[in-house]
Amino acid sequence: MKTLTVELGERAYPIIFCHGLISKESALGAEVLLETAGRSVFIVSNDQVAALYLPRLMALFAGKRVGYHCLPDGEAFKTLSQVETIMGKLISEGFTRDSTVIALGGGVVGDVAGFAAAIFQRGVPVIQIPTTLLSQVDSSVGGKTAVNHPLGKNMVGAFHQPALVAIDVGTLTTLSDREFAAGVAEIVKHAALGDADYFDWLEDHCEQIVARDIDCLNEMIERSCRIKATIVAEDEKEQGRRGLLNLGHTFGHAIETLSGYGVVLHGEAVAIGLLMAAEYSHRAGFISERISARLRSLLAAFGLPLLLPAALTRGDFKTAMARDKKATQSGLRLIVLKALGQAEIIDQVDDDVLDQTLTSWL
Ligand SMILES: NC(=O)c1ccc[n+]([C@@H]2O[C@H](COP(=O)([O-])OP(=O)(O)OC[C@H]3O[C@@H](n4cnc5c(N)ncnc54)[C@H](O)[C@@H]3O)[C@@H](O)[C@H]2O)c1
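Below is the structure:
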């Protein structure tokens, strides 16, 4: 079983690649999971994932104290009200500070469970068992937890690093094509911002990835986790370099906010956001049109929708971008591409270039 460590000093934790933990009888990685979890666990999942994988996970914890809460499925339930329900169950069922919260599901479950763990009794450990491609390469690693507010996505949250991330690639076999593609968007983002060789590899292995070849997926997930883990280790609280991981997200979050949560998948919004960020970078003179074109072809090859989902106005778009968490008091902040595999954070956004970029899309 392969392991990767997120090097964060006393908050360091392993990412284990355990194909079979809950997708097969082999239960690879169960020992590490049980040892980390301790004797009292509270599982947070959602209706869809629980139907597929909760019985196997519960069976692993036979003999321990186990509670659970299933969210209804969807981004619309990434709310404070769900966190409050979880708090109610934890308290009324007698869970204490020596309990561990386990997130079984995609990024929505991971973010809600992580935030619940961050605030229950001022913080208990959380173990992430991500079951979507997006959550395996992105949301489960790095300790960002949050819920949405009607005025903005991920507006209420906390940094709370997991004690363990257990990735069972076998869970991806039940994921829909649309959700799978959405996860690939974050992977393309990793390559675009930090590793040009990885970008070439993705172009070369596109067919195997779409066919969900397990070896290929394992290699891809590990490479992406490595990029994310390295950046997180350098800048845990996003004071600087970690901001690079937001490539495409200032545009993407605006798309999500303006179209209503859940209409466009997060990864789909990120895919369009990546292209918009590339467009800005090209218009600002940082990259050639060829790089934008390669990015577009790769995202298209994975079946990602690359048009805005609704008629949005430039004014609405700019307002939504300004409200994004990445905006600072002094104004908008954007991540631009300086080359393939190289991104940079800029605080001096050129308003004319931004207007031209938005106009070309709206
Ligand atoms: N914390 C972070 O650092 C971070 C980073 C990126 C994204 N996010 C957040 O993650 C969320 C998106 O995550 P997501 O894309 O995983 O969406 P999701 O959690 O909504 O899952 C997508 C869908 O797949 C289903 N599903 C999950 N696993 C499955 C499986 N193995 N088989 C079949 N169906 C399965 C879910 O029930 C859901 O319908 C957003 O809220 C986003 O803001 C957080």
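Under this note's numbering, the first residue of the sequence shown carries the number 1192, and numbering increases by one thereafter.
Beta carbons: idealized from backbone N, C-alpha and C, even for Gly.
Asked: Cβ contact (3+ pairs, closer than 8 angstroms) linking the region 1391–1403 and the region 1345–1353; Found: no
Asked: From Leu1486, Phe1268, Gln1319, Phe1311, residue whose alpha carbon lies closest to that of serine 1283; Found: Phe1311
Asked: Beta carbon of leucine 1295 nearer than 8 angstroms to that of valine 1240; Found: yes
Asked: contact_flag[the region 1197–1217, the region 1412–1424] where n(CB pairs < 8 angstroms) is 3 or more; Found: yes
Asked: Identity of the residue in Gln1533, Arg1514, Lys1509 nearest aspartate 1543 by Cα; Found: Lys1509
Asked: Beta carbon of isoleucine 1277 nearer than 8 angstroms to that of isoleucine 1234; Found: no
Asked: CB of alanine 1469 within 8 angstroms of CB of isoleucine 1478, strictly; Found: yes
Asked: Opening and closing residue of the beta strand (DSSP E) in which asparagine 1345 lies; Found: 1343–1350
Asked: Cβ shell of lysine 1193 (< 7 angstroms), same chain only, five flanking positions each side left out; Found: Phe1208, Glu1413
Asked: Exposed unless 16 or more other CB atoms sit within 10 angstroms - verdict on glutamine 1273; Found: buried
Asked: Those residues which DSSP pairs with cysteine 1261 across a bridge; Found: Ser1236
Asked: Where valine 1540 falls: helix, strand or coil (DSSP); Found: coil
Asked: Spatially closest choice to leucine 1384 from Arg1230, Leu1528, Gly1229, by CA coordinates; Found: Leu1528
Asked: Spatial distance of asparagine 1409 from valine 1356 (CA atoms); Found: 15 angstroms
Asked: Cut-off 6 angstroms between Cβ atoms - residues of its own chain near glutamate 1514, not counting five sequence neighbours on either side; Found: Checking the sequence shown, residue 1514 turns out to be arginine, not glutamate. So the list reads Gly1343, once near-sequence residues are dropped.
Asked: Straight-line Cα distance separating serine 1214 from threonine 1322; Found: 10 angstroms
Asked: Cβ-Cβ separation, isoleucine 1526 to leucine 1449 (assumed contact under 8 angstroms), whole Å; Found: Rounded, the Cβ-Cβ distance is 20 angstroms, inconsistent with contact.
Asked: Where serine 1290 sits in the DSSP three-state scheme; Found: coil
Asked: Between the CA atoms of glutamate 1275 and phenylalanine 1286 - distance to the nearest angstrom; Found: 15 angstroms
Asked: Option in Ser1483, Glu1370, Asp1507 with minimal Cα separation from alanine 1445; Found: Asp1507
Asked: Residue from Leu1212, Ser1217, Ala1376, Leu1248 with nearest C-alpha to glutamate 1459; Found: Ala1376
Asked: DSSP three-state assignment for phenylalanine 1208, whether helix, strand or coil; Found: strand
Asked: Touch test, the region 1533–1540 against the region 1481–1498, Cβ-Cβ under 8 angstroms, three pairs minimum; Found: no
Asked: Own chain, CB closer than 6 angstroms to aspartate 1329, minus 5 neighbours either side, in chain order; Found: Glu1377
Asked: Residue span of the beta strand (DSSP E) that contains glutamine 1327, given as start and end; Found: It is not in any beta strand (DSSP E) - glutamine 1327 carries neither H nor E in the DSSP assignment.
Asked: Collapsed DSSP secondary structure at arginine 1474 in the structure displayed; Found: helix
Asked: Lysine 1509 in three-state terms, based on DSSP; Found: helix
Asked: CA nearest to the CA of serine 1415, picked from Leu1523, Val1317, Asp1386, Gln1430; Found: Asp1386
Asked: Rounded distance between the beta-carbons of aspartate 1238 and proline 1263, thought under 8 angstroms; Found: 6 angstroms
Asked: Any non-hydrogen atom of ligand 3 closer than 7 angstroms to glycine 1258 Cβ; Found: As for ligand 3, it is missing from this structure, which binds only ligand 1.
Asked: Helix, strand or coil at histidine 1340 according to DSSP, with G and I counted as helix; Found: strand
Asked: First through last residue of the alpha helix (DSSP H) which encompasses isoleucine 1412; Found: 1405–1425
Asked: Cα-Cα separation between valine 1149 and alanine 1267, rounded to whole angstroms; Found: This structure leaves residue 1149 out entirely; the chain is present only between 1192 and 1553.
Asked: The alpha helix (DSSP H) enclosing alanine 1445, as first and last residue numbers; Found: 1440–1450
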